[in-house]
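Taken in order, the sequence shown gives residues -7 to 160; the numbers are from the numbering used here.
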Amino acid sequence: LLQRGATRVHAVDVGTNQLVWKLRNDPRVIVKEKFNARHMVPADIGEPCRLAVTDLSFISLTKVLPAIFSVLEGGGSVVCLIKPQFELRREDITKGGIVRDPILHQRAINKILDFVIGEYNCQWRGMIPSPITGTDGNQEFLAWITIPEEGVAPVTREETRNTEDAGE
-7 LLQRGATRVH AVDVGTNQLV WKLRNDPRVI VKEKFNARHM VPADIGEPCR
43 LAVTDLSFIS LTKVLPAIFS VLEGGGSVVC LIKPQFELRR EDITKGGIVR
93 DPILHQRAIN KILDFVIGEY NCQWRGMIPS PITGTDGNQE FLAWITIPEE
143 GVAPVTREET RNTEDAGE
């Protein structure tokens, strides 16, 4: 993001010392450690953001996206890494947390799609398989979501499906 012109990046992590030294010392990066993004509110960031990027572990996106949406300006975007092993039921995941079944991948994607459209009237702009696999080869997915601008009609799941079909 910084290489592409971001003037400021808020790096939020529940842990500590996860950010590489070069970024930690960049004056454009504001580091918030020991901070659970699930509880983030606009005052924590201090300014509306245009873009959020997520790479969460051990928690569903459905638990954190509401807080992320709260700090975005109208029309803002989220690029989130969907990790099926954290979106599915425990019984759907093999020992060791590996998800290889494409049907289960789609179930995890649909969970996030239904959540962002059904609960927040967001627009699902697109999704691709991540070119980098997760731990032990888990297939993960990058989704681009935009939150609605004030006065814009909500997008239905069917409209999203029609948009996806038109792109094939």
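All residues carry an ideal CB built from backbone N, CA and C; glycine is no exception.
Predicted model, so just to flag it, every value in this text is computed and none were measured.
Test item: CB-CB of residue i and residue j under 9 angstroms
i	j	result
ASN121	LEU105	A small correction: the amino acid at residue 121 is Pro; Asn does not occupy that position in the sequence shown. No; because the gap between Cβ atoms is not below 9 angstroms, this pair is not in contact.
PHE50	PHE27	no
ARG117	SER69	yes
LEU(-7)	VAL4	no
GLU132	LYS75	yes
ILE85	TYR112	no
ALA35	LEU48	no
GLY89	THR127	yes
Residue closest to residue i, alpha-carbon to alpha-carbon, out of the options
i	options	result
ARG82	LEU(-6), LEU96, VAL71 and GLY66	LEU96
THR54	ASN102, VAL12, ILE124 and GLU132	ASN102
HIS31	GLY7, ALA59, TRP13 and ASN9	ALA59
ILE109	THR86, LYS14, ASP84 and ILE137	ILE137
THR46	VAL71, PRO40 and VAL23	VAL71
ALA44	THR125, ALA35 and GLU65	GLU65
GLY38	SER52, VAL63 and LEU57	VAL63
VAL56	ILE22, ASP93 and VAL6	VAL6
Limits of the unbroken alpha helix (DSSP H) element including residue i
i	result
PHE133	Run containing PHE133: none in the alpha helix (DSSP H); it sits in the beta strand (DSSP E), 133 to 138.
ALA3	No alpha helix (DSSP H) holds ALA3; the beta strand (DSSP E) holding it covers 1 to 4.
ALA59	53 to 63
ARG16	13 to 16
Exposure label - residue i; buried when at least 16 CB within 10 Å
i	result
GLN115	buried
GLY129	exposed
ALA100	buried
GLY67	exposed
THR8	exposed
Can you list the alpha helix (DSSP H) stretches of 4 or more residues lying completely in the stretch 19 to 48, in chain order? 34 to 37
My parser needs the alpha helix (DSSP H) runs of 4 or more residues fully inside the stretch 71 to 142; what are they? 76 to 79 and 94 to 110
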